[in-house]
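Report on the structure given below.
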Amino acid sequence: MILSDNHVHTFFSADSTTPMQEMIKRAIQLNLSSICFTDHIDYGFPSERYQIEFLFSIEDYFETIQNLAKQYSSIQIRTGVELGLKKDTFETINALPKKNPFDFVIGSTHLVDNIDPYYEEYWEKFGEENGIFHYYETTYENIQLNFDIDVYGHIDYIIRYCPTMRKAQKTGERNESFYQNIMKKNAEILDEILLSLIHSGKGIEVNTAGLKYGLGHPNPHEAIIKRYHELGGTILAIGSDAHKSEHLAFCFETLPKLLSQCGVTHYTEFHKRHPVQISLT
Ligand SMILES: [Zn+2]
Ligand SMILES: [Zn+2]
C-alpha cells in the first residue's frame with residue numbers, strides 16, 4: 001500500500017487552481033498518511049513567450065502550509081518543491097533549497113534549449129527522434145551540474161508530448177512498439193542518466209501522470225524503473241503530479257504490483273531532505 005503522495009500541485013503553481021485545503025481534504029478521504037506539496041518554481045522560464053510564469057512567494061508558501069498542518073493533524077503535511085532545472089539559472093536554483101527548509105526537492109527537465117516540449121514548435125524544430133534524444137541529453141547534462149535536488153522528476157516525461165504518443169492519446173490506442181523502440185534507441189543515455197543519479201546519491205520518482213495521460217505506463221516506464229533497480233538504485237519517490245484533487249494518488253493501487261515486478265521492495269519519502277525507506281507491503 002502506498003499511503004503518501006509526494007508530487008502535488010496547488011494554486012501556488014501557475015498551472016493549477018486547486019486550493020491546498022482541497023488537496024488535504026481529499027488526501028484524508030483517501031486515508032493517506034502523508035502528502036508533500038511540490039509546487040512549481042521554474043527560474044528563467046520564457047514567460048513572455050508562453051504567457052505563464054512558474055514562480056510564487058516562498059514566504060507565503062511556507063506560512064500557508066504551516067497553518068494548514070496545525071489545522072489538519074490527522075495527516076502529515078510536508079513542504080516540497082518541483083524545480084525546473086536549467087543550466088543558466090544554476091546559482092539561483094541552488095540557492096533556494098539552501099535558504100529554505102524544504103522536506104523534499106524534485107528537479108525536473110521542463111525546458112530544452114529554452115523551449116517547452118509541450119508546444120508544437122519543439123517538435124517542429126527537432127523532429128521526433130532527435131527531440132526525444134535531446135531531452136535525455138539535457139537531463140544528463142543537468143545531472144552533471146549537480147543541482148541540489150533529492151530526486152529527478154518524471155525522467156521520460158518527453159514521451160507524453162511527442163507527436164506519436166499525442167496521436168495515440170487522441171485515438172485512445174496504445175503504441176507499445178513505439179515505446180519499446182524509443183527505449184531501445186535511448187538505452188545508452190538512459191543508463192548514463194540512471195548511473196549518474198545513483199553515483200550522486202539521488203533518486204528517481206515514479207510519476208503516475210503517465211497513466212492519467214493514457215500512456216499506459218507511469219513516467220518513467222517500468223523498464224526504466226527496473227533498470228534503475230538493476231543498476232543499484234534504491235531511492236524511488238512516488239507522486240501523482242496532481243493539479244486537481246481528483247487526481248491525487250492517481251492509480252496508486254496499481255503500484256505495489258508494478259514496482260515489485262521491477263524488483264523494487266521499498267519506496268522513499270523525504271523528511272527534512274532525509275530519505276526514509278518504506279516497505280511496499
Ligand atoms: Zn514536472
Ligand atoms: Zn509536477
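For reference, each letter of the sequence shown is one residue, going 1 to 281 in the numbering used here. Built from N, CA and C at the ideal position, the CB exists for glycine as well.
For Ala69 and Gln76, the gap between their C-alpha atoms comes out near 7 Å. Annotation: Ala209 to Asn6 spans about 12 Å, alpha carbon to alpha carbon.
Here Ile238 carries a strand assignment [DSSP, helix/strand/coil].
The chain-ordered list of residues whose CB is nearer than 6 Å to some heavy atom of ligand 1 reads Glu82, Ser108, His110, Gly153 and His154. In this structure Gly107 touches Leu83 by the C-beta definition: roughly 5 Å separates them, less than 8 Å. Close CB contacts of Glu192 within its chain, under the 6 Å cut and outside five residues either way in sequence, are with Tyr140 (chain order).
Here Pro256 is not near Met20, since their CB atoms are 8 Å or more apart. Comparing alpha carbon positions, the residue from Ser16, Ile143 and Pro220 closest to Ser196 is Ile143.
For Pro101, no alpha helix (DSSP H) encloses it, and the DSSP letter there is neither H nor E. Between ligand 2 and the CB of His7, the shortest heavy atom gap is smaller than 7 Å. In this structure, Ser245 lies near Glu22, with their beta-carbon atoms less than 8 Å apart. Using a Cβ distance threshold of 8 Å, Gly232 and Asp150 do not count as a contacting pair. Assigned with DSSP and collapsed to three states, Leu145 falls in coil, not helix or strand. Ile132 sits away from Ile115, with the two beta carbons spaced by 8 Å or more. Restricting attention to Asp103, Tyr161, Glu129 and Glu91, the CA atom closest to the CA of Leu111 is found in Tyr161.
For ligand 2, a non-hydrogen atom lies closer than 7 Å to the CB of Asp241. Asp103 sits away from His266, with the two beta carbons spaced by 8 Å or more. Here the alpha carbons of Lys185 and Gly214 stand approximately 22 Å from one another. Residue environment analysis places Thr138 among the buried positions, since at least 16 neighbouring C-beta atoms fall within 10 angstroms of its C-beta.
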